[in-house]
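Numbering (this note's numbering), first residue to last: 2 to 266.
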């Protein structure tokens with residue numbers, strides 16, 4: 002969808018005799034954000050589309066191009082999120098059941114994907130594994146994005162794979178944290194109920210656009226761009242993080258849990 006939308010936006014902008022900079026000024030956006038949309042690298046939020054319609058005098062045409070919220074599957078939503086991850090300068094993840102995809106190892110990702118229902122073909126499983134590994138490559142940049150991973154203790158304790166695979170996955174996260182590439186905090190069982198107990202959450206900040214939040218639970222995923230809603234999720238994340246274990250204690254628990262898995266094999 003992104004490239005088709007971008008082509009149409011460029012045609013409307015050029016028909017109006019506007020440069021990207023001029024359209025950005027009218028729509029209260031940045032030139033680089035307009036450029037990303039026109040190139041198909043970014044799908045506009047609903048609020049972006051509304052402002053573009055106003056700036057170009059196109060009624061609600063650009064807004065109507067966007068699927069309704071209930072028309073998109075988790076996979077379709079996450080296609081957008083995956084693109085946004087590449088552009089984020091800060092990412093904060095909360096994981097409720099599995100390690101975040103951006104941190105998953107190949108064998109762990111395959112085990113997780115192999116447990117979903119209804120099952121997917123081996124070819125589709127391979128494609129999704131490759132996608133997750135590609136997402137993790139953004140951490141090869143030593144500085145950007147800055148990343149926090151907040152993990153419910155369930156993520157460590159539920160053996161979704163064999164002991165050696167679990168140990169490998171956990172130590173992968175430990176090594177990233179010890180290298181200073183990510184911050185990781187465990188939300189222990191003894192905290193009890195917490196503000197994020199029903200949904201996984203990804204928060205993203207950017208240089209050239211407002212922050213976004215992505216939530217996922219059950220078979221539903223949603224990308225939030227409304228400032229009040231994004232602020233709500235940021236607040237809930239901060240509350241949960243305040244109950245989590247410090248970095249040093251979290252790493253000690255992760256390493257100890259990895260050893261337990263190694264001994265179980």
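Note that beta-carbon positions come from the ideal geometry of N, C-alpha and C, so glycine has one too.
Are the CB atoms of residue j and residue i within a distance shorter than 8 Å?
| i | j | result |
| --- | --- | --- |
| residue 43 | residue 204 | no |
| residue 100 | residue 192 | no |
| residue 112 | residue 166 | yes |
| residue 202 | residue 238 | yes |
| residue 209 | residue 33 | yes |
| residue 152 | residue 129 | no |
| residue 87 | residue 139 | yes |
| residue 136 | residue 83 | yes |
| residue 36 | residue 207 | no |
| residue 174 | residue 161 | no |
| residue 52 | residue 25 | no |
| residue 259 | residue 172 | yes |
| residue 61 | residue 30 | no |
State yes or no: is the beta carbon of residue i nearer than 8 Å to at least one beta carbon in chain B?
| i | result |
| --- | --- |
| residue 231 | Here there is only one protein chain, and chain B is not present. |
What residue does the beta strand (DSSP E) around residue i start on, and which one ends it?
| i | result |
| --- | --- |
| residue 213 | 213-218 |
| residue 151 | 147-153 |
| residue 128 | Counting along the chain, residue 128 falls outside any beta strand (DSSP E), though it belongs to the alpha helix (DSSP H) covering 123-137. |
| residue 93 | 91-96 |
| residue 103 | Note, residue 103: premise wrong, no beta strand (DSSP E); not H, not E. |
For residue i, count neighbouring C-beta atoms within 10 Å of its own C-beta (all shown protein chains included) and say buried if the count is 16 or more, exposed if not.
| i | result |
| --- | --- |
| residue 81 | buried |
| residue 240 | exposed |
| residue 117 | exposed |
| residue 251 | buried |
| residue 195 | buried |
| residue 236 | exposed |
| residue 71 | Residue placement at residue 71 is poorly supported in this model, since its pLDDT is 42, which falls under 50; the coordinates still yield a value, given next. Per the 10 Å Cβ criterion, exposed. |
| residue 39 | buried |
Taking DSSP as the reference, what is the three-state secondary structure of residue i?
| i | result |
| --- | --- |
| residue 225 | strand |
| residue 13 | helix |
| residue 199 | coil |
| residue 117 | coil |
| residue 236 | helix |
| residue 24 | helix |
| residue 188 | strand |
| residue 30 | coil |
| residue 204 | strand |
| residue 73 | Caution applies to residue 73, whose pLDDT of 47 falls short of 50 and renders its modelled position unreliable; the model cannot decide the point. |
| residue 2 | Residue placement at residue 2 is flagged as unreliable, the pLDDT there being 48, under the threshold of 50; a coordinate-derived value is accordingly withheld. |
Can you tell me where the alpha helix (DSSP H) holding residue i begins and where it ends?
| i | result |
| --- | --- |
| residue 172 | 164-179 |
Check whether the segment 183-190 touches the segment 222-233, taking contact to mean three or more Cβ pairs, one atom from each stretch, closer than 8 Å.
no
Below 8 Å, how does it come out for the segment 52-66 and the segment 13-25: are there three or more Cβ pairs, yes or no?
yes
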